[in-house]
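Taking our numbering, the leading residue of the sequence shown gets 24, the next gets one more, and so forth.
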Amino acid sequence: MDARSVTGPPQLPTPPAPLPAGCFCLPKTSSTSLTKSFTAVHDFRVSDYSLLEGMGFGRYVSSSTFSVGGRDWAIRFYPDGATAGLLGDVSAFLYYYSRDRDAPGVRARFTLNLLEKDGKMPPVTNPYMKHTFSPASDNWGFTKFMEKSRLQQGSPYLDRDCLTIRCVLTVLIDSRTVANEMISVVVPPSSLHQDFGEMLSDGEGADVTFTVDGQLFCAHRCVLAFRSPVFRAELFGPMKEKAENIIRIDDMEPTIFEALLQFIYTDRLPDSCSDGRNPAITHLLVAADRYGVERLRLLCESKLSEVIDVETVATTLALAEQHNCSQLRRACIGFMASPNMLGPIMETDGFNHLIASCPLVMKEILDKVKALLADSERSELLRRLSEANQYNRFLKRQAAANGGRMLPKGLLPSSLSHKDINWCHCESQFRKQYPAREGKTNEMGKRQQRFHVNTGFAFNSCIADKRPLQAWNYI
């Protein structure tokens, strides 16, 4: 029998020979299953916790709504538990606001935890929960969120009778499969900032030198000029240095000037300035405003706005006012205008500086919060604003009496701002620190105006009256 007539299984095609080295590979395709998700964090601050005890089970306080994954959510806190059997525990739930009663369920992964006083997560946290939210099942959470006995006075979770619940929420969207595009050329990320950083550190081609507190920094005129309008004017404008290539920088620390140069070359903040609590951020903002580096100033504003608290908000607001930081200013005023915030802020040292240097912004804050303040707090704030206005009027009068030269605020007696100061103490302090010119003051003890030539301050009452600060006259 002829072998060619025998039937059998079909022959498989011969695989192609390997391609020679250097040739392109055969095209290939691939696909990927994707599950889209959105994650966000929401902090819910519960003030006056001790006043909430006794609300009864099933009663709750709710956060404002926040949006994650196109859906609206809220945190509900039950001070006496969600049900009758939980009187010894507090409860916390995540609530889903459904816009469409017929909409399909929303899959979510979340956790709820109490933050400690310093704003950090506790060492032991609650586990993540998974739930499909729907109109029929619109809330889910922890019935035994925490024992009430752990939330008494001295608790690490209570800060001035306030506690904060943090929700970390991930909303999952339905999976889909997509075809992957074939990428034939891999392009590395830009290294421009690294190249410019090396150019600054190497100093090659540098044509200008700065001296800052005895430390020298070499740089390139063209780079500085294109990044800063102030440097452009100094280096190429009418005010440019013509005699030498060494320019002295005053009123700035070397580390701050170095960070300023690094940002100008790389458009990135130094690693040491990643935390808004670093005092260098404040100095760097001042430097950015001084040299017109707008993006750096805004980055510093953002860092400072992230760490605003009761102790720092007043000094931060004064800084924002001085350097026209509108976004940082708005963040500070919003924080101070929050319920139950202004009282603790008024007890800080920074608040005294704020009302003395920025009385107008304090009036703006007062307009926002006057409905929330108790009568005693409102009266105290108005009194201190009145003192600040008198203080600033005094400085202006003093400047006029001294040929336009302002008396540095630091030279004024500390007694000037004390609410219980009296005439005798005031006059003795001024006479001691600013001796009057001979023959220019009236006889002591008479009930008439006494004018101090050096300060422009008039006493309109007898020393024995001992009138307080509010009765002073500035001429």
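Even for Gly, the Cβ is constructed at its ideal location relative to N, Cα and C.
Asked                                                                                                                                                                       : Found
List the endpoints of the continuous beta strand (DSSP E) containing Phe-100.                                                                                               : 94 to 101
Drop a sphere of 10 angstroms on the beta-carbon of His-65, count the other beta-carbons inside from all chains shown, and report buried for 16 or more, exposed for fewer. : buried
Closest by CA to Val-91, which one among Ser-213, Ser-224, Ile-196, His-306?                                                                                                : Ile-196
Evaluate contact between the stretch 63 to 78 and the stretch 175 to 191, counting only Cβ atoms and requiring at least three cross-stretch pairs below 8 Å.                : yes
Using three-state DSSP, classify Leu-351 as helix, strand or coil.                                                                                                          : helix
Mark Arg-352 as exposed unless 16 or more other C-beta atoms lie within 10 angstroms of its C-beta, in which case mark it buried.                                           : buried
Can you tell me the Cβ-Cβ gap for Asp-103 and Gly-77, rounded? I've got them flagged as a contact below 8 Å.                                                                : 7 Å
Classify Pro-127 as helix, strand or coil using the three-state DSSP reduction.                                                                                             : coil
How big is the Cα-Cα spacing for Thr-58 and Arg-99?                                                                                                                         : 28 Å
Which residue comes first and which comes last in the beta strand (DSSP E) that contains Ser-380?                                                                           : No beta strand (DSSP E) contains Ser-380, which is instead part of the alpha helix (DSSP H) from 372 to 380.
Would you call the stretch 217 to 227 in contact with the stretch 145 to 158, where contact means no fewer than 3 C-beta pairs closer than 8 Å?                             : no
Pull up the distance between the alpha-carbon of Ser-178 and that of Asn-363, whole angstroms please.                                                                       : 20 Å
To the nearest angstrom, how far is the alpha carbon of His-306 from that of Ser-54?                                                                                        : 51 Å
What does the alpha-carbon distance come out to for the pair Val-253 and Glu-324?                                                                                           : 20 Å
His-216 by DSSP, collapsed to three states: which one?                                                                                                                      : helix
Taking the beta strand (DSSP E) that Val-235 falls in, what are its first and last residues?                                                                                : 231 to 235
Using DSSP with H/G/I as helix, E/B as strand and the rest coil, what is Arg-68?                                                                                            : strand
If I measure Cβ to Cβ from Arg-244 and keep anything under 6 Å in the same chain, skipping five residues before and after, which residues do I get?                         : Asp-230, Val-231, Leu-258
Taking the alpha carbon of Thr-106 as the reference point, which residue from Ser-87, Ala-97, Gly-79, Glu-139 has its own alpha carbon closest?                             : Gly-79
Could you tell me whether the stretch 310 to 321 touches the stretch 336 to 343, using the rule of 3 or more Cβ pairs below 8 Å?                                            : no
Please classify Tyr-288: is it buried, with 16 or more other beta-carbons within 10 angstroms of its beta-carbon, or exposed?                                               : buried
Is the beta carbon of Ser-114 closer than 8 Å to that of Tyr-101?                                                                                                           : yes
When the distance is taken between beta carbons, is Val-194 closer than 8 Å to Ala-131?                                                                                     : yes
For Ala-248, which residues of its own chain have a beta-carbon under 8 Å away from its beta-carbon, when the five flanking residues on both sides are left out?            : Phe-254, Arg-255, Leu-258, Phe-259
By the three-class DSSP mapping on this structure, what secondary structure does Met-359 have?                                                                              : helix
When you compare each of Ser-361, Lys-167, Ile-378, Arg-318 to Arg-291 by their alpha carbons, which one comes out closest?                                                 : Arg-318
What span of residues does the alpha helix (DSSP H) with Gly-164 cover, start to end?                                                                                       : Taken as a continuous stretch (DSSP letters only), Gly-164 belongs to no alpha helix (DSSP H), being part of the beta strand (DSSP E) at 162 to 170.
Could you compute how far the alpha carbon of Asp-274 sits from the alpha carbon of Cys-241?                                                                                : 19 Å
If you draw a straight line from the alpha carbon of Val-84 to that of Tyr-118, how long is it in whole angstroms?                                                          : 12 Å
Which word fits Arg-250, buried or exposed, when buried means at least 16 other C-beta atoms lie within 10 angstroms of its C-beta?                                         : buried
Measuring straight from C-alpha to C-alpha, what distance separates Ile-388 and Gly-226?                                                                                    : 49 Å
List the DSSP bridge partners of Phe-156.                                                                                                                                   : Val-129
Using a Cβ-Cβ cut-off of 6 Å (strictly less than) and excluding sequence neighbours within five positions of Val-501, which residues of its own chain qualify?              : Because the chain spans 24 through 498 in this model, residue 501 falls outside it and cannot be assessed.
Taking only three categories from DSSP, how would you classify Gln-238?                                                                                                     : strand
Would you please state the rounded distance, in angstroms, between the beta carbons of Met-144 and Leu-135? I believe it to be under 8 Å.                                   : No, Met-144 and Leu-135 are not in contact; Cβ-Cβ is about 12 Å, not under 8 Å.
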